[in-house]
Each structure stands twice: as structure tokens, then as C-alpha cells.
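Participant: Just so we're aligned, residue 1 is where the sequence shown starts under the working numbering, counting upward by one. We put the beta carbon where it would ideally sit given N, CA and C, even for glycine.
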Amino acid sequence: MVGTEPGVIYIGHLPHGFYEKELKGFFSQFGKVLKVRVARSIKTFRPKGYAFVMFANREVAEIACSAMDGYFMYSKILVCKTVPPEKVHPKMFNRLVRIPWKRFEKAHRALPLTKDRRKKLWRKQQRRNKKLEAELKRNGVSYSLP
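Printed below as a string of C-alpha cells:
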């Protein structure tokens with residue numbers, strides 16, 4: 001049977017917010033999507049801007065690739081290419097792990113409060129207060145923030 005082996009496509013220039021769940025949902029309109037892999041930084045887990053999608057049928061992958069190559073999405077032009085079966089590494093879709101966002105946030109909040117960082121945070125708060133006071137003044141409320 002021709003075309004029953006799975007097909008993989010490369011998608012480049014991914015827009016922000018278009019990741020695993022969105023890719024699987026979007027490309028499922030072409031056919032059955034088996035796996036999705038968004039390339040991410042090992043250190044920060046942020047996306048590198050490209051992904052691989054595995055379809056159940058190679059012909060479906062080629063149709064999806066030809067349809068989406070040059071597609072304009074969220075101010076980015078997608079680049080799609082079919083990946084030949086001999087180039088698909090057996091471990092290409094292995095690193096499908098949950099991203100520990102809470103751990104990153106906790107580490108960021110645990111940074112020491114140095115003099116420079118405290119000054120930067122104070123300036124940021126002052127700018128925010130000025131903006132809020134201006135908004136209150138425009139709405140006819142006389143209130144000064146501490």
C-alpha cells in the first residue's frame with residue numbers, strides 16, 4: 001500500500017503563541033496528526049521558532065506542506081517542507097515533556113534584591129503610579145498615590 005507510512009513536515013517561522021496544542025489542532029484539518037514537536041531551548045524551554053508535525057499518512061503530510069508553505073499567519077510567513085523518511089531521526093519526537101513554568105517563575109522571584117534591582121523596581125513603580133494618576137485626573141478624580 002502506497003502512502004500508509006507516516007509523513008513528517010518541518011514548519012519554520014512559527015509565530016508567538018502557536019505551539020504544540022495549537023499546531024495539533026490546526027493541522028488536524030488536513031488529516032490525523034500523530035505527534036507534534038516544537039523545538040525549544042534546553043535552558044529556558046522557550047520555542048526556537050520551528051516545529052515538526054507527524055501525520056499518519058505521508059500523502060496528507062505533502063498536501064498540508066504544499067497548502068501551508070508561504071501561509072501568512074500573525075505577521076509571519078510560514079515555511080513548510082516535507083522531511084524525507086531517511087532524515088527523520090527515531091528520537092525526533094522523544095522529548096515531549098511538560099514545561100516547568102512554575103519552577104522558572106519561582107527561580108525568578110527568588111533573585112536577590114540588590115541595590116540596582118531595587119532602584120529599577122522603584123522607577124517602574126513610579127512610572128506606573130504617574131500613569132495611574134494621569135488616568136484618574138482625566139476621569140475627574142483628585143487622588144495622589146503615595
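Helix, strand or coil for Lys76 per DSSP?
Facilitator: Lys76: strand per DSSP, three-state reduction.
Participant: Start and end of the alpha helix (DSSP H) containing Met92?
Facilitator: Note, Met92: premise wrong, no alpha helix (DSSP H); not H, not E.
Participant: On the DSSP bridge list, what partners appear for Gly7?
Facilitator: Bridge partners of Gly7: Phe55.
Participant: Should Lys148 and Val38 be called a contact, given that it needs their Cβ atoms to be closer than 8 Å?
Facilitator: The question about residue 148 has no answer, for the chain in this structure spans 1 to 146.
Participant: Our contact map puts Ile11 next to Val83 with C-beta atoms below 8 Å; I'd like the distance itself, whole angstroms only.
Facilitator: No, Ile11 and Val83 are not in contact; Cβ-Cβ is about 11 Å, not under 8 Å.
Participant: Less than 8 Å separating the beta-carbons of Lys48 and Arg40?
Facilitator: Result yes, Cβ atoms of Lys48 and Arg40 sit closer than 8 Å.
Participant: Give the range of the alpha helix (DSSP H) segment to which Lys43 is assigned.
Facilitator: Taken as a continuous stretch (DSSP letters only), Lys43 belongs to no alpha helix (DSSP H), as it is neither H nor E.
Participant: Any idea if Gly7 is buried or exposed, counting beta-carbon neighbours within 10 angstroms, 16 or more meaning buried?
Facilitator: Buried, by the Cβ-count rule.
Participant: Name the one or two DSSP bridge partners that Thr150 has.
Facilitator: Residue 150 cannot be examined here, being either before or after the span of the chain that is shown, 1 to 146.
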